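Protein chains in written order, with this note's numbering: chain A, 593 to 944; chain B, 593 to 944.
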């Protein structure tokens with residue numbers, strides 16, 4: 593087997609940085625596909641054509657660049673942020689398109705982790721195209737962190753969000769919970785929801801709190817593009833609950849098993865679940881080690897009693913406490929005269 | 593009655609700033625007396641002598657300055673941060689000493705709120721000394737904020753400190769609690785303890801946790817000067833508990849009533865109580881509206897069960913939540929690779 597080339601020219605790197613920039617173009621709709629950019633350069637390092645992927649159902653980045661280059665693609669080096677695909681989906685395999693266009697050399701950053709689509713590098717080499725990989729790999733992976741995670745693990749990335757009073761309560765004794773966190777924290781939550789493709793709660797939350805579970809802007813208006821709303825649990829639900837309104841799509845998964853729920857969601861091309869369920873649902877995900885990120889809003893309020901923000905985790909002694917790794921702590925200044933809230937962002941550093 | 597003079601010269605203000613500086617001299621031991629500084633100036637505004645109070649049992653600031661000035665005190669203006677005292681304690685009344693020394697005019701910042709000692713201004717005026725008050729009053733009050741509070745209210749200022757996990761627990765299910773907060777937060781707690789003259793816990797904390805309740809430095813060595821250790825409650829305690837060791841003085845107040853406890857502590861010249869008791873004791877102080885400041889350390893740890901950091905406050909619905917006013921939020925970076933903790937400093941904005 594041929595050893596992959598691992599040296600790159602300054603022109604390669606310049607082109608890759610441009611390809612990363614193209615991939616991250618604003619306005620590209622999030623979807624099940626990764627962000628990809630492609631730049632064709634000639635032997636002098638000058639750009640012949642550029643392209644990027646605009647979301648499911650549109651041409652891949654390589655196809656986009658090749659279409660713009662036309663006959664001038666022949667003899668160029670294609671610099672791509674992700675290994676060219678090798679399979680026929682809604683579009684044909686990019687590996688074959690590059691070969692057909694007479695591209696002489698292909699440089700890509702991240703190998704395609706998707707078993708269905710990978711193998712493009714091998715196909716290109718076998719056709720006599722020079723192939724080099726790994727240039728700016730970290731930057732390329734970061735561009736599609738959640739997508740890479742989901743493909744690597746065969747399930748969506750799970751962000752668990754909860755809000756709590758200073759004394760660990762998510763609702764007062766009578767069940768009222770509007771609001772524990774301040775407006776700044778609630779707006780921040782909508783910002784995070786908008787970065788996900790799925791919001792997940794349990795049937796109990798729907799029955800008790802009746803959330804609409806949409807993403808709203810600072811004027812409290814729903815955004816045009818809404819994540820999928822998912823409620824899991826075996827209980828039947830009143831179809832009049834707000835989660836079933838027509839502002840977004842909703843799925844009821846009739847399972848209590850986090851593994852089963854994530855498997856089903858992955859099959860539906862979901863890559864990033866925002867878990868906003870109550871303490872019991874969150875504890876089930878934690879115990880199954882299916883939480884990848886924890887976002888906690890702490891509000892300077894005391895309730896003294898009421899619903900615990902976190903359910904029983906089976907921990908009996910302090911040595912076994914669940915101590916996640918903190919990646920960020922941010923003080924969110926209060927709006928409209930409200931007090932500040934604090935946001936902790938964490939990753940589960942160890943298995944509980 | 594003569595109207596107090598309310599205009600001051602630039603020389604008065606310069607002298608008062610210097611007097612404030614003297615009052616805040618480092619190394620002055622904290623005690624039941626306020627910090628006071630005094631500067632004698634001549635008619636040109638030049639300093640004739642300076643003095644400040646060095647703690648209970650030592651001369652007052654005025655006496656200190658007069659002693660240094662000797663005969664040159666005659667005809668000067670005495671600029672003092674606090675109204676000269678009018679009573680004979682361990683030292684004679686400063687009002688009479690100033691008159692005897694032939695001081696022509698007295699400018700002070702803060703009227704003495706202590707009914708036992710006040711009236712010095714009147715005595716001076718009646719003896720024909722010009723008196724002006726209120727110059728840099730806020731600065732002078734801030735210098736002795738806790739002392740002023742205690743004298744005004746007839747009880748010590750109470751700082752309630754508690755540490756909590758992100759989910760509102762102060763101990764795990766088996767009672768273990770070392771440690772919820774990180775080393776940085778524990779060092780910060782010792783810093784705050786050292787600013788108080790009294791540390792207060794309940795009998796239950798002594799029985800369960802057996803704290804030594806001393807102030808220790810960053811090398812975990814006890815400081816030379818220790819606040820009074822107070823345990824309150826009706827239960828008999830094992831004299832072998834660490835709180836009864838010889839590293840500091842300890843008092844057992846046999847009451848469960850916060851009012852009674854603070855009355856007794858005020859009678860013992862205590863001005864600042866650091867309340868570190870468990871949730872039940874803290875709830876009793878909160879319900880009696882006897883908490884003046886709340887310091888909370890939040891550690892990024894989940895326990896899921898165990899002792900609630902805050903006891904029942906009789907709150908049943910979110911509208912009645914206790915929402916203190918936040919005066920500061922600080923992220924305390926972790927030491928030795930520990931995660932950051934967050935410190936909230938608050939004042940009870942409304943009665944619960």
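Built from N, CA and C at the ideal position, the CB exists for glycine as well. Fair warning: this is a prediction, and the values are worked out from it, not measured in the lab.
Segment contact flag, the stretch 622 to 629 of chain A with the stretch 637 to 655 of chain A, C-beta cutoff 8 Å, min 3 pairs: yes
Any chain A beta carbon closer than 8 Å to residue 910/B: Within the second chain, the letter at position 318 stands for residue 910/B. So yes, residue 910/B belongs to the interface.
Chain A residues whose Cβ lies nearer than 9 Å to that of residue 850/B: Translated into the one-based positions of the second chain, residue 850/B becomes position 258. Those do not exist, as residue 850/B stays about 16 Å from chain A at its closest Cβ, beyond 9 Å.
Cβ pair count under 8 Å reaching 3, the stretch 776 to 790 of chain A against the stretch 910 to 930 of chain A: yes
Where residue 829/A falls: helix, strand or coil (DSSP): The residue labelled residue 829/A in the question sits at position 237 within the first chain. If DSSP states are grouped into helix, strand and coil, residue 829/A belongs with coil.
Buried or exposed (CB count within 10 angstroms, at least 16 for buried), residue 602/B: Residue numbering aside, residue 602/B sits at position 10 when the second chain is read from its first letter. By the 10 Å Cβ count, residue 602/B comes out exposed.
Classification of residue 617/B by the beta-carbon crowding that lies within 10 angstroms, buried from 16 upward: In the second chain, residue 617/B corresponds to position 25, counting from 1. By the neighbour-count rule (16 or more Cβ atoms within 10 Å), residue 617/B is not buried but exposed.
Within 8 Å, strictly: CB atoms of residue 672/B and residue 700/B: As a position in the second chain, residue 672/B is number 80, starting the count at 1. As a position in the second chain, residue 700/B is number 108, starting the count at 1. Taking 8 Å as the Cβ cut-off, residue 672/B and residue 700/B qualify as a contacting pair.
Residues of its chain near residue 916/A, where Cβ-Cβ distance is below 7 Å and the 5 sequence neighbours each way are ignored: For the purposes of this step, residue 916/A is identified with residue 324 of the first chain, where counting begins at 1. Within the same chain, residue 916/A has close Cβ partners 886, 938, 939, 940 and 941.
Cutoff 8 Å: residue 648/A Cβ touching any chain B Cβ: On the first chain, position 56 is the one that residue 648/A refers to. Judged by the 8 Å Cβ criterion, residue 648/A is not in contact with chain B.
Sub-8 Å separation of residue 788/B and residue 851/B beta-carbons: Walking along the second chain from the start, residue 788/B turns up at place 196. Walking along the second chain from the start, residue 851/B turns up at place 259. Going by C-beta atoms, residue 788/B is not nearer than 8 Å to residue 851/B.
Under 9 Å (Cβ pairs) to chain A, residues found in the stretch 892 to 916 of chain B: 892, 893, 894, 895, 896, 897, 898, 900, 901, 902, 903, 904, 905, 906, 907, 908, 909, 910, 911, 912, 913, 914, 915 and 916
Residues sharing a beta bridge with residue 633/B, DSSP: On the second chain, position 41 is the one that residue 633/B refers to. 639/B and 669/B.
Assumed close pair residue 793/B, residue 833/B - CB separation to whole angstroms, cut-off 8 Å: Here the question's residue 793/B lines up with position 201 in the second chain. Here the question's residue 833/B lines up with position 241 in the second chain. Not really, about 11 Å apart at Cβ, beyond 8 Å.
Simplified DSSP state of residue 948/B, which is helix, strand or coil: Limits of chain B in this structure are 593 at one end and 944 at the other, which puts residue 948/B out of reach.
Best match in 773/A, 686/A and 871/A for proximity to residue 931/A [C-alpha to C-alpha]: Within the first chain, numbered from 1, the residue matching residue 931/A stands at position 339. Ranking the options by Cα distance to residue 931/A, first place goes to 773/A.
Proximal residues to residue 858/A (C-beta, below 8 Å), its chain only, five neighbours per side dropped: Here residue 858/A refers to the residue found at position 266 of the first chain. Once the five neighbours on either side are set aside, the close Cβ partners of residue 858/A are 742, 746, 747 and 748.
Boundaries of the alpha helix (DSSP H) in which residue 715/B is found, first to last residue: Here residue 715/B is taken as the residue at index 123 of the second chain, counted from 1. That run of the alpha helix (DSSP H) goes 712 to 718.
Meets three-Cβ-pair contact criterion under 8 Å: the stretch 885 to 901 of chain A and the stretch 809 to 820 of chain A: no
Cut-off 6 Å between Cβ atoms - residues of its own chain near residue 610/A, not counting five sequence neighbours on either side: Translated into the one-based positions of the first chain, residue 610/A becomes position 18. Cβ within range, chain order: 631.
is_contact[residue 759/B, chain A] using C-beta, thresh 8 Å: Position 167 of the second chain, counted from the first residue, corresponds to residue 759/B. Yes, its Cβ sits closer than 8 Å to a Cβ of chain A.
Sub-8 Å separation of residue 904/B and residue 875/B beta-carbons: Locating residue 904/B in the second chain gives position 312, where the first residue counts as 1. Locating residue 875/B in the second chain gives position 283, where the first residue counts as 1. Against a cut-off of 8 Å, the Cβ pair of residue 875/B and residue 904/B comes out as a contact.
Cβ neighbour criterion (16 or more within 10 Å) applied to residue 781/A: The count along the first chain starts at 1 and reaches residue 781/A at position 189. Per the 10 Å Cβ criterion, buried.
Test item: CB-CB of residue 784/A and residue 866/A under 8 Å: Translated into positions along the first chain, residue 784/A becomes position 192. Translated into positions along the first chain, residue 866/A becomes position 274. Yes, the Cβ-Cβ distance between residue 784/A and residue 866/A is below 8 Å.
Within chain B, the residues that residue 766/A reaches when beta carbons sit closer than 9 Å: Numbered from 1 along the first chain, position 174 holds the residue referred to as residue 766/A. Result: 908, 909 and 910.
Residue 805/B - DSSP class collapsed to helix/strand/coil: Position 213 of the second chain, counting from 1, holds the residue named residue 805/B. If DSSP states are grouped into helix, strand and coil, residue 805/B belongs with coil.
Sequence-distant residues of the same chain with beta carbon closer than 7 Å to residue 929/B, five excluded per side: Looking up residue 929/B in the second chain gives position 337. The answer is none, since no qualifying residue turns up.
Residue from 723/B, 737/B and 677/B with nearest C-alpha to residue 708/B: Taking the first residue of the second chain as position 1, residue 708/B is located at position 116. Selected option, being the one with the closest Cα: 677/B.
Alpha-carbon spacing of residue 735/B relative to residue 608/B, whole angstroms: What you label residue 735/B is simply residue 143 of the second chain in a count that begins at 1. What you label residue 608/B is simply residue 16 of the second chain in a count that begins at 1. Whole-angstrom Cα-Cα distance: 13 Å.
Pick from 623/B, 879/B and 899/B that is closest to residue 978/B, judged by C-alpha positions: There is simply no residue 978/B to check, as chain B begins at 593 and stops at 944 in what is shown.
Contact set for residue 599/A: own chain, Cβ-Cβ below 6 Å, skip 5 residues either direction: For this step, residue 599/A is matched to residue 7 along the first chain. Once the five neighbours on either side are set aside, residue 599/A has no close Cβ partner at all.
Close Cβ partners of residue 738/A (< 6 Å) along its chain, the five nearest in sequence each way excluded: The sequence position of residue 738/A within the first chain is 146, counting from 1. Taken in chain order, the residues that qualify are 749, 863 and 864.
Beta-carbon proximity check, residue 764/B vs residue 910/A, cutoff 8 Å: As a working note, residue 764/B is residue 172 in the second chain. As a working note, residue 910/A is residue 318 in the first chain. The answer is yes: Cβ separation under 8 Å.
Extent of the continuous alpha helix (DSSP H) to which residue 739/A belongs: For this step, residue 739/A is matched to residue 147 along the first chain. Here the alpha helix (DSSP H) through residue 739/A covers 737 to 745.
Test: residue 645/B CB closer than 8 Å to a CB of chain A: Here residue 645/B refers to the residue found at position 53 of the second chain. No - not a single Cβ of chain A is within 8 Å of the one on residue 645/B.
Extent of the continuous alpha helix (DSSP H) to which residue 599/A belongs: Taking the first chain and counting its residues from 1, one reaches residue 599/A at position 7. Per DSSP, residue 599/A belongs to no alpha helix (DSSP H) and is neither H nor E.
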